[in-house]
Amino acid sequence: MAGLRDYKYKVIKKFFSPNEITLFKLYCRNKLMANNWTTDAQCPFTPMWAKDALADSLLESKLNAVESYCGLKLFKSYAYWRYYVFGSLLRPHYDRPSCEISITACVHKTDKWPLVIDDKHYELEEGDALLYLGHEMSHSRYDYFNGDGMAQIFLHYVDQSGPFTEHKEDEYDLNQKLKRQ
Numbered sequence: 001m002a003g004l005r006d007y008k009y010k011v012i013k014k015f016f017s018p019n020e021i022t023l024f025k026l027y028c029r030n031k032l033m034a035n036n037w038t039t040d041a042q043c044p045f046t047p048m049w050a051k052d053a054l055a056d057s058l059l060e061s062k063l064n065a066v067e068s069y070c071g072l073k074l075f076k077s078y079a080y081w082r083y084y085v086f087g088s089l090l091r092p093h094y095d096r097p098s099c100e101i102s103i104t105a106c107v108h109k110t111d112k113w114p115l116v117i118d119d120k121h122y123e124l125e126e127g128d129a130l131l132y133l134g135h136e137m138s139h140s141r142y143d144y145f146n147g148d149g150m151a152q153i154f155l156h157y158v159d160q161s162g163p164f165t166e167h168k169e170d171e172y173d174l175n176q177k178l179k180r181q
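If you read the sequence shown in the numbering used here, its first letter stands for residue 1, the second for the next number, and so on.
See the structure below:
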């Protein structure tokens, strides 16, 4: 059986169930209305939530499924989510070592805005996820987002037998990586 390292990324259809999507959409709406979000340099002006209770719960509850999809035993690293708004831009980048094995999952969108890896475009529908080697693969989204909103959750793990095990249970450094909105 081929493991994630053999193909580096894969689309997972229906990673989230319809009930999970409904819950997360309601949660997103409530968090947006509370107006207590932050941003980071990677996506300025785009609301994001790190150290989020629901995202952290999904990081743990989806661990076995992600291990099954990638064929590796994993340690949890960290999770967060973003709500991309009209005009958001995601330039090509590599993630830090604590994002060795990454999931980006679409939970809400109002327009198409594919993720680009190796010049291949991946349009995720609500509930779909992309499993990829975030630390090894440059990824981005071309052009600016033209929709009203797109909620993406990011779940990050490290290989239990890999070089980044010191990043298990990583803490997203809010003081250095984020600025208060």
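Where a beta carbon is used, it is the ideal one built from N, C-alpha and C, also for glycine.
message = What residue range does the alpha helix (DSSP H) around PHE154 cover?
response = That residue, PHE154, is in no alpha helix (DSSP H); its beta strand (DSSP E) goes 150-159.
key: Exposed unless 16 or more other CB atoms sit within 10 angstroms - verdict on ASP148   = exposed
key: Whether ARG91 touches PRO47 by CB criterion (8 Å)   = no
For ALA79 and ILE153, believed in contact at Cβ under 8 Å, the rounded distance = 7 Å
request  = Give the straight-line distance between the Cα atoms of TYR84 and LEU23, rounded to the nearest whole angstrom.
outcome  = 18 Å
query = Relative to the C-alpha of ALA53, which residue among LYS31, VAL66, ASP40 and THR39 is closest?
reply = LYS31
query = Since PHE75 contacts LYS168 with CB under 8 Å, what's their CB separation in whole angstroms?
reply = 3 Å
request  = Take the Cβ of LYS73 as the centre, count every other Cβ of all protein chains shown within 10 Å, and call the residue buried at 16 or more, exposed below.
outcome  = exposed
query = In three-state terms, what does DSSP make of LEU54?
reply = helix
key: Cβ pair LEU26, LEU155 closer than 8 Å   = no
ask   = Quick one, are the C-beta atoms of HIS135 and PRO97 less than 8 Å apart?
value = yes
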